[in-house]
Each structure stands twice: as C-alpha cells, then as structure tokens.
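Enquirer: Mapping the sequence shown onto my numbering, position 258 (from 1) lands on 258, and the numbers just tick up by one.
Even for Gly, the Cβ is constructed at its ideal location relative to N, Cα and C.
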Amino acid sequence: MSELPTPTQKRVLIWAVTRSLSTVLVRSLSQIQDIQVIFEYYVAAGWNTAPDVLVNESSQDNSLVSMEPDVTFQSVKAMYEQDYPGKSLILGKEMPYYLGRRMNAIPHGYTHIFLIRNPAKTIPSLNKIFGFATPEMKRALLGPNQFEMMDEVYEFVTKTRPHETAVVVDAEDLMAQPAKSLQLLCEATGLPFSQSLLHWDPIKDLPSNWSMPKSLWAYSSAMGYFKNAFESTCFRAKKDNSSAKRIEQVDPELCELIQDAMPYYKHLYKRRLTVQ
1 MSELPTPTQK RVLIWAVTRS LSTVLVRSLS QIQDIQVIFE YYVAAGWNTA
51 PDVLVNESSQ DNSLVSMEPD VTFQSVKAMY EQDYPGKSLI LGKEMPYYLG
101 RRMNAIPHGY THIFLIRNPA KTIPSLNKIF GFATPEMKRA LLGPNQFEMM
151 DEVYEFVTKT RPHETAVVVD AEDLMAQPAK SLQLLCEATG LPFSQSLLHW
201 DPIKDLPSNW SMPKSLWAYS SAMGYFKNAF ESTCFRAKKD NSSAKRIEQV
251 DPELCELIQD AMPYYKHLYK RRLTVQ
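1. By Cβ distance below 7 Å, which residues in the same chain neighbour residue 192 in space, the five residues on each side in sequence not counted?
2. Using 10 angstroms around the beta-carbon of residue 146, count the other beta-carbons present and answer buried if the total reaches 16, otherwise exposed.
3. Nearest to residue 100 by CA position, among 26, 46, 224, is which residue?
4. Who are the near neighbours of residue 77 in its chain, counting only those whose CB is closer than 6 Å to its CB and skipping five residues on each side?
5. Mapping the DSSP letters down to three states, classify residue 57 as helix, strand or coil.
6. Rounded to a whole number of angstroms, what is the C-alpha to C-alpha distance between residue 251 and residue 216?
7. At 4 residues or longer, and completely inside the stretch 172-237: list those alpha helix (DSSP H) runs for me, N to C.
8. Let's test the definition: count the other Cβ atoms within 10 Å of the Cβ of residue 208 and tell me whether it reaches 16, buried, or not, exposed.
9. In whole angstroms, what is the alpha-carbon distance linking residue 285 and residue 34?
10. Quick check: what's the CA-CA separation for residue 112 versus residue 18?
11. Taking the C-alpha atoms as reference points, what is the distance between residue 28 and residue 199?
12. Please work out which residues of its chain come closer than 7 Å, Cβ to Cβ, to residue 229, disregarding the five sequence neighbours upstream and downstream, and give them in chain order.
13. Which residue or residues does DSSP assign as beta-bridge partners of residue 94?
14. DSSP three-state label for residue 275, please.
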C-alpha cells in the first residue's frame, strides 16, 4: 500500500490552453524553494490515444506516440498524487484538451489555476507554429475547442470538489501588471510571493527540478516549441503588430475557430482574478 502524500506539501496544478504563456508562468513559480515540477504528462497520455492522422504524420520524427506508449491517464494521476520527499511544493502544468473529458483522471488534493488568453491571439499563434503541417494534420491539431475543454474542467472542479481552490488568471493581465497580478495569484492559491519570482535566468536545458516526458522534451526541442519561454527572463508584453487580426481576416477557418472558442473564454474571463 502506497504512503499518503505529505500533508505539508502544497500542490498546485496549472490548466492552460496553448500559447497562453503557461511555460513562462511555470518558469516563474519554479523558483520557489523545494519545488517539484510535473510538466505535461497528460499530453503524452493524450498522444497515445491521438487520431491516426497525427500518429501517421509524426511517425517520421520523434513521435510522442511511439516513444512512451506506457504513459497512461491513470499512471499520470498516480504520479501527481504520490509523495515527493523533501519537496514543499508540487507544481503541475497540463492542458485540459488532452484529458479527453476523462474527469476521473484529474488528481485529488490540488489547488487549480486556469490560465486563459484571448483566442484571437492563441489560435493564430498556434496556427503559425503548425505551419509545417499538412492541411489535414493542421485541422486535427487546431480543430478541437481547447477553451470548451478548459471550461468543462473548471466546472467539474468547482462543482464536485468544493474543498479544492480554483482560480482563473488571464495571461494578458500577467504581462500588463506582472507584479500585482502574480502577487494576487499567489495570495489566492496560498503560494509564497516574492519579487524574485518576477525575473529569472535564460536556460537551454530542462531544469533538474522539472519532470517532463522525454519524448515531449525531444520533440519540443526539435521544433523549438519552448524556445521563447526558456530564453525568457520575465513576463513581458510584446508589441501588437496586428498579425492575429490579419490572419483572422484572410482565413475563414481560423475566424470560425476563434468565434467558437470565444463564449467559453468569456465565461472564464468573467471569473478571473482582477487587480484592484
């Protein structure tokens, strides 16, 4: 029989949509003393049940599917719920989409952060990253409504787990007012805030206190997926060059995806933490 998790271990799980600065937020919070980061293991589990179009397209490179087939939703849940001796904080980062509505796979005992960002920014940004993909693969990657999945997980947690705190934060607020927004987030989740969380050093390799599927690290490194986040040094807002607006105007499919996501984004946005 496995031991119960240490009661003094704080556990926080960040649920995010893609392109929402979630890895940057993890970079910030991972500076807290005695922390263990668990990073996107549900992504690997999700890829193991991915549609054939994704498996076939990715099989020629370092596929997430072929490299770690033993990663399952239940094994990931067990990883989140196990004890981590010597650690005072367990911080996870996952994407609700990859759960595939498997709500029973959500680990118990966590404070939940739902990190959102306007789909008019996230969807065009994701489309740009998948520029290498065939049209069929791109539709499979962009088609799922990540905001709907996020909203469903939020509703599940808030309605069925009243003793687990759930907060919503918008990435734009973190960039616009990083000190006030991060302090507010820490206060709402019981995390220790300090000014040192606002700055960090650029890195190239995976930090020793991060646990990530090897296949995900290899795949993402080859694609440069985490490059900006790992080379970042703070929360910073980039100048709006209206590229998202131009893409939306010329691509009806992207426009439809944004419109489909917007009601769920707005529902969560109304519940976000706001700096007074």
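Expert: In terms of the structure at hand:
1. 32, 186
2. buried
3. 46
4. 105, 107
5. For residue 57, the pLDDT reaches just 45, beneath the cut-off of 50, and the residue's location in the model is therefore unreliable, although a value from the coordinates is still provided. Helix, per DSSP.
6. 30 Å
7. 178-189, 214-223, 227-231
8. exposed
9. Because the chain is modelled from 1 through 276, residue 285 falls outside the range shown and cannot be assessed.
10. 17 Å
11. 7 Å
12. 23, 24, 27
13. 15
14. coil
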